[in-house]
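Going by this note's numbering, the first residue of the sequence shown is number 522, and it counts up by one from there. Down below is the structure, laid out as structure tokens.
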Amino acid sequence: MTSAFEGEVLKKQFILARSVLGLPTRHKDLRPKSFTFDVTKNGVETTITIPTSECPPFFIMLVPKQPRYIQNYEYDKGIILVGGTLHGRDFDAFKKRLGVDEIKVSATFPVNSYFRMLAKMAYGMIILEYGSEALEECYVLPCIMGKTDDIGYWVGSSEQDVLSLPKVKEFHLTQNLRLGNEVRAKIRLFANFQTPEYLVIVGRLKKGV
């Protein structure tokens, strides 16, 4: 059931980056052989098609508010975004190589699916560290399973400025946090591209764990 929304994220939001970087997939033969970009040169807009092997791994990361659980703001459902950040190889070098003045990078964002995926990752990280029976209450499980639409209450930005985050070589970084019996997790996807950090409020551990 939950693999459907993960697949939606990988096939839409990150399809260009995953294809260019050659990240693992069960269906390599279905990966796009090329991508289209809207470009502008001398004030004229055109669309060009570039083979995947010649594309930079551009991708956009969504930036939400902090989880409503830890920050007081008006909230109804879903998640509230405050912006996005573009990542990949040198954008200016790519424009120069193509001989254009401007390139538009766009992506389809399955917003709730993306943050449900992060919640599922964080839940798995906590289970890996503490065990499958360790949680007294898992805050994020109902929204992971699609039973509630409150993902923004538990998942959001860590509010750490992206430029202050350490530059690393690893693709993905994760860290479990414990505050008393409450467990949280921090996640950075494609961390080697200086991406934002997310915070997930996972749940509450049983006494004695």
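Using N, Cα and C, we set each Cβ at its ideal position, and we do this for glycine too. None of these values were measured; they are calculated from a predicted model.
**I581 versus R705: straight-line alpha-carbon distance, rounded** = Numbered from its first residue, the sequence shown carries residue 581 at position 60. Numbered from its first residue, the sequence shown carries residue 705 at position 184. Their backbone Cα atoms lie some 25 angstroms apart in a straight line.
**Asked** Going along the chain, which residues of its own chain have a beta-carbon closer than 7 angstroms to the beta-carbon of L726, five neighbours each way excluded?
**Response** In the sequence shown, counting from the first residue as 1, residue 726 sits at position 205. Correct list, in chain order: Y651, A655, L656, E657, N702 and V704.
**Message:** I need the boundaries of the beta strand (DSSP E) containing S555, first residue and last residue.
**Reply:** The residue given as residue 555 occupies position 34 in the sequence shown. From DSSP, the beta strand (DSSP E) with S555 extends over S555 to K562.
**Asked** If L639 and I536 are in contact, beta carbons under 8 angstroms, what's the gap, nearest whole angstrom?
**Response** Taking the sequence shown and counting its residues from 1, the one referred to as residue 639 is at position 118. Taking the sequence shown and counting its residues from 1, the one referred to as residue 536 is at position 15. Going by Cβ atoms, the distance from L639 to I536 rounds to 18 angstroms, so no, they are not a contact pair.
**Item:** Three-state secondary structure assigned by DSSP to M666
**Value:** Locating residue 666 in the sequence shown gives position 145, counting from the first residue. Looking at M666 - three-state DSSP - the assignment turns out to be coil, as it is neither helix nor strand.
**Message:** My output table needs one value for R725: the three-state DSSP class, helix, strand or coil.
**Reply:** Counted from its first residue, the sequence shown places residue 725 at position 204. DSSP places R725 in strand when its eight states are reduced to three.
**Item:** Given S540 as reference, the closest of V530, R552, H548 and Q534 once Cα atoms are compared
**Value:** Taking the first residue of the sequence shown as position 1, residue 540 is located at position 19. Answer by Cα proximity: R552.
**Asked** Are the beta-carbon atoms of C659 and G724 separated by less than 8 angstroms?
**Response** Your numbering for residue 659 matches position 138 in the sequence shown. Your numbering for residue 724 matches position 203 in the sequence shown. A contact, by the Cβ cut-off of 8 angstroms.
**Runs of alpha helix (DSSP H) lying entirely within the segment 538-603, each at least 4 residues, in chain order** = With a minimum length of 4 residues, there is no unbroken run of alpha helix (DSSP H) contained wholly in the segment 538-603.
**Message:** Using a 10 Å radius around the Cβ and a threshold of 16 neighbouring Cβ atoms, would you call G645 buried or exposed?
**Reply:** Looking up residue 645 in the sequence shown gives position 124. Burial call: exposed.
**Item:** Nearest-angstrom Cα separation, counted from I722 out to Q696
**Value:** As a first step, residue 696 is located in the sequence shown; it is residue number 175 there, counting from the start. As a first step, residue 722 is located in the sequence shown; it is residue number 201 there, counting from the start. Roughly 12 angstroms separates the two Cα atoms.
**Asked** In whole angstroms, what separates the C-alpha of M522 from that of M666?
**Response** Here the question's residue 522 lines up with position 1 in the sequence shown. Here the question's residue 666 lines up with position 145 in the sequence shown. Note on M522: pLDDT 49, under 50, position unreliable in the model; no value is reported.
**Which of helix, strand or coil DSSP assigns to V530** = The residue you call residue 530 lines up with position 9 of the sequence shown. In the structure shown, V530 adopts helical secondary structure according to DSSP, grouped into three states.
**Prompt:** In its own chain, which residues sit with a C-beta less than 7 angstroms from the C-beta of V530, not counting the 5 before and 5 after it?
**Reply:** Within the sequence shown, the letter at position 9 stands for residue 530. Within the same chain, V530 has close Cβ partners P631, S634, Y635 and M638.
**Request:** Mind checking which residues open and close the alpha helix (DSSP H) that includes K617?
**Result:** Residue 617 sits at position 96 when you count from the first residue of the sequence shown. Annotation: the continuous alpha helix (DSSP H) that includes K617 extends over F612 to L619.
**Simplified DSSP state of E752, which is helix, strand or coil** = Residue 752 lies beyond the range of the chain shown here (522 to 730); nothing can be said about it.
**Request:** In the DSSP assignment, find the beta strand (DSSP E) that holds E703 and state where it starts and stops.
**Result:** Stepping through the sequence shown from its first residue, residue 703 is reached at position 182. From DSSP, the beta strand (DSSP E) with E703 extends over E703 to R709.
**Asked** In the DSSP assignment, what residue or residues form a beta bridge with G677?
**Response** Mapped onto the sequence shown, residue 677 falls at position 156. Answer by DSSP bridge pairing, in chain order: L720.
**Request:** Taking only the alpha-carbon atoms, compute the straight-line gap between F579 and H608 and give it to the nearest angstrom.
**Result:** Mapped onto the sequence shown, residue 579 falls at position 58. Mapped onto the sequence shown, residue 608 falls at position 87. Their backbone Cα atoms lie some 6 angstroms apart in a straight line.
**Request:** Can you tell me which of G677, E691, N563 and P663 puts its alpha carbon nearest to the alpha carbon of L602?
**Result:** Residue mapping note: residue 602 aligns to position 81 of the sequence shown, counting from 1. Shortest Cα-Cα distance from L602 to any of G677, E691, N563 and P663 involves G677.
**First and last residue of the uninterrupted alpha helix (DSSP H) at L649** = Position 128 of the sequence shown, counted from the first residue, corresponds to residue 649. Counting along the chain, the alpha helix (DSSP H) containing L649 begins and ends at V632 to Y651.
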